[in-house]
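Note that this note's numbering has the sequence shown beginning at 71, numbered continuously upward.
Where a beta carbon is used, it is the ideal one built from N, C-alpha and C, also for glycine.
Okay, structure first, notes after.
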Amino acid sequence: MPIQAEVTMAEEEGRWKAESDARALAQADAIRSDPDRVNRATKAANRLVDQMEERAEEQTEEAKAMRKIAKGRFFNYDKTDR
């Protein structure tokens, strides 16, 4: 009986990614051929960008607050109040 070649995890993962990419390309082709789907996808992408930009602004404000805390400038108190 011939010994089957052992398939490594990396090889299996490579095959899985290639098959997944093939399905994604087929879906993209189907979307590109339907103007209504392209239009809806474009609108959805714009909504997602708006949400991502809003979240980025929130994270920027959080980072600024953390920077103040890290530099000890967040709490403005007199040391004699202890």
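Practice task
Report the three-state DSSP secondary structure of K141 (helix, strand or coil).
Solution key: Sequence index remark: in the sequence shown, residue 141 carries index 71 (1-based). Correct three-state label for K141: coil.
Exercise for the section: Quick one: using the 10 Å Cβ neighbour count with 16 as the cut-off for buried, is A140 buried or exposed? Expected result: Taking the first residue of the sequence shown as 1, we reach residue 140 at position 70. By the neighbour-count rule (16 or more Cβ atoms within 10 Å), A140 is not buried but exposed.
Handout entry: Euclidean distance between Cα positions of A94 and E128
Key = Within the sequence shown, residue 94 is the residue found at index 24, counting from 1. Within the sequence shown, residue 128 is the residue found at index 58, counting from 1. Whole-angstrom Cα-Cα distance: 32 angstroms.
Practice task
Please report how far the alpha carbon of V108 lies from the alpha carbon of I101, in whole angstroms.
Solution key: Indexing the sequence shown from 1 puts residue 108 at position 38. Indexing the sequence shown from 1 puts residue 101 at position 31. Looking at the two C-alpha atoms, the distance is approximately 6 angstroms.
Handout entry: E82: first and last residue of the uninterrupted alpha helix (DSSP H) it sits in
Key = Start at 1 with the first residue of the sequence shown, and residue 82 comes out as number 12. Element bounds for E82: 79–102.
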